[in-house]
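Asks: Chains as they are written, first to last, in our numbering: chain A, 1 to 204; chain B, 1001 to 1388. The beta-carbon is built from N, C-alpha and C at its ideal position, and this holds for glycine as well. Model, not experiment: these values are computed from the prediction. Here it is, the structure, as structure tokens.
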Amino acid sequence: MKPGIRRLIEELRGARVLVVHPRDAEGDALLDQLKRIGCNVRGIWPPPVELPNDVDTVFHLVETSETPAFVASASEGGPTFVAIVDYENPTVLRRLLDSNAHGVINKPIRPFGILSSLVLARSMHGYTRRLESKVQKLEETLKARRDVDKAVKILVTLKKIGEAEAYELIRSQATQKRLSMAQIAATIIGAQDVMAGLGLIDDL
Amino acid sequence: MVSGTASSSDTWRVGVLFSRTGLTAVTETEHFLGTALAIQEINQAGGILGREIEVVAYDPESDPAIYRRLADRLLTDDGISVIFGGSSSAQRKAVLPAIERRNGLLWYPSLYEGFEYSPNVIYTGASPNQTSFPLAEYLVRNHGRRVFLVGSDYIYPRESNRIMRDLVESYGGKIVDEVYVPMAAPESRLREIVARVKDLAPDVVFSTVVGRSAQAFYRLYREAGLDPASMPIASLTMAEGEVREIGAALCEGHITAATYFGSLQGPSNRRFAENFHRAFGPDTPISMWSAGAYAQVHLFALALERAGTLDTQRLVEAALGLSFEAPEGAIQIDPDNNHTWLTPRIGRVRRDGSFDVVWEAKAAVKPDPYLAVSPLGARWIGEEVSVA
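Here it is as structure tokens:
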């Protein structure tokens, strides 16, 4: 817990924050507080067509008017996104949900709460990103596992050997050729498909 | 409890909330006296823009809930917007919602753990970068790497100890234990802590125990035979008044990091000490509490003179950037964060209960409440200090 909060706070010192909010007293209050916290911060209004790519955190006013959805809606690999809301009607809540924001602050903007929202949003963003990459890895592993199983079955049929032996063959090929077992398995499956298409072996 | 007789139309009415009773009565009484002295000086000199300051003072009994209630009373029933008060974060946090909702202005004179900014508060006490930062380096370099943390169980000790842990580790030191006691700690619990210190034999104890519990802790520490000369307690709050309560002989050798000590030799402090002793008797100790509370009333007077109104917005605008020749030396309200430029110092208790200043910064240091520009492990103490 302790190193965690220290790291989060230290990371704020280098944070590059963009505030998308009209340049008024509240916008200034937000910019000033972010500076006090130690962030590199700049403001922009109206919302830019595209987000500059040198920011890692965006505070963005959720507007109620007919403007298009914000540029900054949270995306994979995008910046941490904190929404600023001044209404809580279903229209604004809908926009808030659509934005996939990691955090939210309310108007009128006051200094208290900005640091908490910022730290929580950045932490949630990091957590989400770690979960996403974990899910991606698991999906790859699962697919690899299915391919290896399929390749084992092909070898068992073609070479009339046991499953354990087939598995060992795939592994030794992977080691020899410096490829992953999944790649060897995919090659076997592809080869089997082509050979069967040419009538050289039976369909399994 | 209302003092002063002039009608409110020809005076500047301000509120004062410092406890005269309860757990932190000793320090808060010093706050009160410093505040009273400054107001007396200003009124005797003809007031501000020809109008005297009129005080409405209540005793919050060291209790955050009572602080909150009395702040509400000042802001509503008494129609007062400017309040001088508070000696702990728990008290300040209790008062803040009332202050912000009624758009009042709190002048908070005590050191605290940072990580706060309100447009309705002027913070004239020290931030951690003005106390803990140099203290950590001083302790590790002069007393050793093994540090024991003990605190009262509320936000100031928890956060101060978190900061101290990071600092000590950044200087290559090690925290041997971190323990907490209730605000009104029973003596048996304090005895356990003292025994634990004796067992672990650290090089130094950093204590954020406050109020009467702190006084008892220092007493029991000495009674248990622990020697401040070889294993001092370091603190950010132990000042002359409490040292006297405990008994100066029992405190000799302990260390406090603060921006003011009564023993400072500057002309502004001599003037303050003379006036203070004339007003409250030669035996009443002066400390960071009275000096800080005194300085902020003078800053307020300068701001009011500029603004000409008690309107919060205009008073704050006038206050930002103001400087004053305080008892500790030149101080200034930082225009970016409402905190105050102060001069960090480290003092060691003498046998007579005053402090030897063993280190001081060359000039006032910018307050950095969010520790945004204060790197861990930075150099504060000059090369001339020998490494223990």
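1. Using C-beta distances below 8 angstroms, list every residue in its chain close to residue 1220 (chain B), excluding the 5 sequence neighbours before and after it, in chain order.
2. Note down the Cα distance separating residue 174 (chain A) from residue 168 (chain A), rounded to an integer number of angstroms.
3. Label residue 1172 (chain B) either buried or exposed according to how many other C-beta atoms from any shown protein chain fall within 10 Å of its C-beta, with 16 as the threshold for buried.
4. For residue 1338 (chain B), count neighbouring C-beta atoms within 10 Å of its own C-beta (all shown protein chains included) and say buried if the count is 16 or more, exposed if not.
5. From which residue to which residue does the beta strand (DSSP E) around residue 1324 (chain B) run?
6. Can you list the residues of chain B that residue 112 (chain A) reaches, using a CB-CB cut of under 9 angstroms?
7. Note down the Cα distance separating residue 45 (chain A) from residue 58 (chain A), rounded to an integer number of angstroms.
8. Please state whether DSSP places residue 1152 (chain B) in a helix, a strand or coil.
9. Would you kindly check if the distance between the Cβ of residue 147 (chain A) and the Cβ of residue 189 (chain A) is under 8 angstroms?
10. Relative to the alpha-carbon of residue 1353 (chain B), which residue among B:1312, B:1325, B:1075, B:1252 has its alpha-carbon at the smallest distance?
11. Is the Cβ of residue 109 (chain A) closer than 8 angstroms to any Cβ of chain B?
12. Less than 8 angstroms between the C-beta atoms of residue 1239 (chain B) and residue 1256 (chain B), yes or no?
13. Could you check whether the segment 1223-1231 of chain B touches the segment 1166-1182 of chain B, counting it as contact only if at least three pairs of C-beta atoms, one from each stretch, sit closer than 8 angstroms?
14. Determine contact between the segment 1269-1284 of chain B and the segment 1343-1353 of chain B, defined as no fewer than three beta-carbon pairs at a distance below 8 angstroms.
15. Please decide whether residue 4 (chain A) counts as near chain B, where near means a Cβ-Cβ distance under 8 angstroms.
16. Alpha carbon to alpha carbon, what distance is there between residue 1250 (chain B) and residue 1205 (chain B)?
17. Kindly indicate which three-state DSSP category residue 1289 (chain B) falls into: helix, strand or coil?
18. Following the continuous alpha helix (DSSP H) through residue 1133 (chain B), name the residue where it begins and the one where it ends.
19. Of the residues that make up the segment 1050-1072 of chain B, which ones have a beta carbon closer than 7 angstroms to any beta carbon in chain A?
20. May I have the straight-line CA-CA distance separating residue 1298 (chain B) from residue 1023 (chain B), to the nearest angstrom?
21. Within 10 angstroms of the Cβ of residue 1246 (chain B), are there 16 or more other Cβ atoms? Answer buried if so, exposed if not.
22. So with CB distances below 7 angstroms, who are the chain B contacts of residue 207 (chain A)?
23. To which residues of the same chain is residue 163 (chain A) closer than 7 angstroms at the C-beta, ignoring the five residues directly before and after it?
24. I need the boundaries of the beta strand (DSSP E) containing residue 60 (chain A), first residue and last residue.
25. Please check the pair residue 1017 (chain B) and residue 1071 (chain B), which I expect to be a contact at CB under 8 angstroms, by giving their CB distance rounded to whole angstroms.
26. Rounded to whole angstroms, what's the CA-CA distance from residue 1303 (chain B) to residue 1053 (chain B)? Just pull it up for me.
27. Could you give the distance in angstroms between the alpha-carbon of residue 1389 (chain B) and the alpha-carbon of residue 1215 (chain B)?
28. Ignoring anything shorter than 3 residues, give me the beta strand (DSSP E) runs that lie fully in the segment 1010-1046 of chain B, in order along the chain.
29. Taking the beta carbon of residue 1265 (chain B) as the centre, do at least 16 other beta carbons fall within 10 Å, making it buried, or is it exposed?
30. Specify whether the segment 18-37 of chain A and the segment 112-124 of chain A touch according to this definition: at least 3 beta carbon pairs, one from each stretch, less than 8 angstroms apart.
31. Within the same chain, show all residues whose beta-carbon is closer than 7 angstroms to that of residue 54 (chain A), passing over the 5 residues directly before and after it, in chain order.
32. Would you say residue 1311 (chain B) reaches chain A, if we count a Cβ-Cβ gap shorter than 8 angstroms as a contact?
33. Helix, strand or coil for residue 172 (chain A), going by three-state DSSP, please let me know.
34. Less than 8 angstroms separating the beta-carbons of residue 1207 (chain B) and residue 1150 (chain B)?
35. Beta-carbon of residue 33 (chain A) versus every beta-carbon of chain B: anything under 8 angstroms?
36. Leaving out the 5 sequence neighbours to the left and right, which residues in its chain are closer than 6 angstroms to residue 1057 (chain B) when beta-carbon positions are compared?
Replies: Working from what's here:
1. Mapped onto the second sequence, residue 1220 (chain B) falls at position 220. If we look at residue 1220 (chain B) and ignore the five residues flanking it on each side, its Cβ neighbours are 1187, 1190, 1191, 1194.
2. Counted from its first residue, the first sequence places residue 174 (chain A) at position 174. Counted from its first residue, the first sequence places residue 168 (chain A) at position 168. Their backbone Cα atoms lie some 10 angstroms apart in a straight line.
3. Taking the second sequence and counting its residues from 1, the one referred to as residue 1172 (chain B) is at position 172. Looking at its Cβ environment, which holds fewer than 16 other Cβ atoms inside 10 Å, residue 1172 (chain B) is exposed.
4. Along the second sequence, one-based indexing puts residue 1338 (chain B) at 338. The residue in question, residue 1338 (chain B), is buried, as its Cβ has 16 or more Cβ neighbours within 10 Å.
5. The residue given as residue 1324 (chain B) occupies position 324 in the second sequence. Taken as a continuous stretch (DSSP letters only), the beta strand (DSSP E) holding residue 1324 (chain B) covers 1323-1326.
6. The sequence position of residue 112 (chain A) within the first sequence is 112, counting from 1. Under a criterion of Cβ atoms nearer than 9 angstroms, the residues of chain B adjacent to residue 112 (chain A) are, in order, 1096, 1100, 1116, 1117, 1118.
7. The count along the first sequence starts at 1 and reaches residue 45 (chain A) at position 45. The count along the first sequence starts at 1 and reaches residue 58 (chain A) at position 58. If you take the alpha carbons of residue 45 (chain A) and residue 58 (chain A), they lie about 13 angstroms apart.
8. Within the second sequence, the letter at position 152 stands for residue 1152 (chain B). Of the three classes helix, strand and coil, the one that applies to residue 1152 (chain B) here is strand, per DSSP.
9. Along the first sequence, read from residue 1 onward, the residue named residue 189 (chain A) stands at position 189. Along the first sequence, read from residue 1 onward, the residue named residue 147 (chain A) stands at position 147. Cβ distance < 8 angstroms, so residue 189 (chain A) and residue 147 (chain A) count as in contact.
10. In the second sequence, residue 1353 (chain B) corresponds to position 353, counting from 1. Selected option, being the one with the closest Cα: B:1252.
11. Numbered from 1 along the first sequence, position 109 holds the residue referred to as residue 109 (chain A). Not a single CB atom of chain B sits nearer than 8 angstroms to the CB of residue 109 (chain A).
12. As a working mapping, residue 1239 (chain B) is identified with position 239 in the second sequence. As a working mapping, residue 1256 (chain B) is identified with position 256 in the second sequence. Against a cut-off of 8 angstroms, the Cβ pair of residue 1256 (chain B) and residue 1239 (chain B) comes out as a contact.
13. Output reads no: the segment 1166-1182 of chain B does not touch the segment 1223-1231 of chain B.
14. No, the segment 1269-1284 of chain B does not touch the segment 1343-1353 of chain B.
15. Walking along the first sequence from the start, residue 4 (chain A) turns up at place 4. Residue 4 (chain A) does not count as touching chain B.
16. Counting from 1 along the second sequence, the entry for residue 1205 (chain B) is found at position 205. Counting from 1 along the second sequence, the entry for residue 1250 (chain B) is found at position 250. Cα atoms of residue 1205 (chain B) and residue 1250 (chain B): separation of roughly 16 angstroms, rounded to the nearest angstrom.
17. Start at 1 with the first residue of the second sequence, and residue 1289 (chain B) comes out as number 289. Looking at residue 1289 (chain B) - three-state DSSP - the assignment turns out to be helix.
18. The count along the second sequence starts at 1 and reaches residue 1133 (chain B) at position 133. 1132-1142 is the extent of the alpha helix (DSSP H) around residue 1133 (chain B).
19. Residues: none.
20. Counting from 1 along the second sequence, the entry for residue 1298 (chain B) is found at position 298. Counting from 1 along the second sequence, the entry for residue 1023 (chain B) is found at position 23. Distance between the alpha carbons of residue 1298 (chain B) and residue 1023 (chain B): 28 angstroms.
21. As a working mapping, residue 1246 (chain B) is identified with position 246 in the second sequence. Buried: at least 16 other Cβ atoms inside 10 Å.
22. Shown here, chain A extends from 1 to 204; a query on residue 207 (chain A) therefore has no answer.
23. Within the first sequence, residue 163 (chain A) is the residue found at index 163, counting from 1. 152, 156.
24. By 1-based counting over the first sequence, the position of residue 60 (chain A) is 60. Here the beta strand (DSSP E) through residue 60 (chain A) covers 57-61.
25. Position 17 of the second sequence, counted from the start, is the residue given in the question as residue 1017 (chain B). Position 71 of the second sequence, counted from the start, is the residue given in the question as residue 1071 (chain B). So it is a contact: roughly 7 angstroms between Cβ atoms.
26. For this step, residue 1303 (chain B) is matched to residue 303 along the second sequence. For this step, residue 1053 (chain B) is matched to residue 53 along the second sequence. Straight-line Cα distance between these residues: approximately 13 angstroms.
27. Here chain B covers residues 1001 to 1388 and nothing more, so residue 1389 (chain B) does not appear.
28. DSSP runs (the beta strand (DSSP E)) wholly in the segment 1010-1046 of chain B: 1011-1017.
29. Numbered from 1 along the second sequence, position 265 holds the residue referred to as residue 1265 (chain B). Burial call: exposed.
30. Verdict: yes, contact present.
31. Translated into the one-based positions of the first sequence, residue 54 (chain A) becomes position 54. Closer than 7 angstroms at the Cβ level, and outside the excluded window around residue 54 (chain A), lie 16.
32. Numbered from its first residue, the second sequence carries residue 1311 (chain B) at position 311. Closer than 8 angstroms: no.
33. Along the first sequence, one-based indexing puts residue 172 (chain A) at 172. Residue 172 (chain A) sits in a helix when the DSSP states are folded into three classes.
34. Taking the second sequence and counting its residues from 1, the one referred to as residue 1207 (chain B) is at position 207. Taking the second sequence and counting its residues from 1, the one referred to as residue 1150 (chain B) is at position 150. Yes, they are a contact pair.
35. Numbered from 1 along the first sequence, position 33 holds the residue referred to as residue 33 (chain A). Closer than 8 angstroms: yes.
36. Residue mapping note: residue 1057 (chain B) aligns to position 57 of the second sequence, counting from 1. Shown here for residue 1057 (chain B): same chain residues with a beta carbon closer than 6 angstroms to its own, the five before and five after excluded, namely 1016 in chain order.
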